[in-house]
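Its first residue numbered 336, the sequence shown is counted upward by one per residue in this note's numbering. The beta carbon of each residue, even a glycine, is placed where N, CA and C say it ideally should be. Remember, it's a predicted structure, so these values are computed and weren't measured experimentally. Worksheet: one structure, shown below.
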Amino acid sequence: SNGESWPVHAAVARALRCKLHAWDVYCGPYIRHKRGRLWLSSEDGYTGTACLWPGGQPPAYREPLTAEFWNVDDIGAALEACREVLRRARKGAP
336 SNGESWPVHA AVARALRCKL HAWDVYCGPY IRHKRGRLWL SSEDGYTGTA CLWPGGQPPA
396 YREPLTAEFW NVDDIGAALE ACREVLRRAR KGAP
């Protein structure tokens, strides 16, 4: 993706120096990081969740690390939530 469809995802991927990949129509895009697949989502369109699947494994095999943020359009908040799950993964969080 060129980021036009997912501007927050694209901005976070650029800030983390990672690539944005389309996943599928159900889960949306993900950011490929050396620590795993990083996914941004929202249940209500207002608040968001950064979700990291360590090692790129789907959640059926390993629980994801998550962090919440309050405004899905706030690139800075989304980036900080992503950095939080990446820090936890680096520290070996279960």
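May I have the straight-line CA-CA distance separating residue i from residue j, to the nearest angstrom?
i, j, result
"L421", "R352", "13 Å"
"R372", "A412", "19 Å"
"E286", "N406", "This structure cannot settle anything about residue 286, because the visible part of the chain is limited to 336 through 429."
"L400", "I366", "14 Å"
Starting from the Cα of residue i, find the closest Cα among the options and give me that residue.
i, options, result
"E398", "F404, D408, L387 and N406", "L387"
"K354", "P342, H368 and W341", "H368"
"Y381", "R425, I410, R349 and A424", "I410"
"G363", "W341, A348 and R349", "W341"
I'd like the span of the alpha helix (DSSP H) that includes residue i, first residue to last.
i, result
"R418", "I410 to R425"
Residue i by DSSP, collapsed to three states: which one?
i, result
"P389", "strand"
"R349", "helix"
"P399", "coil"
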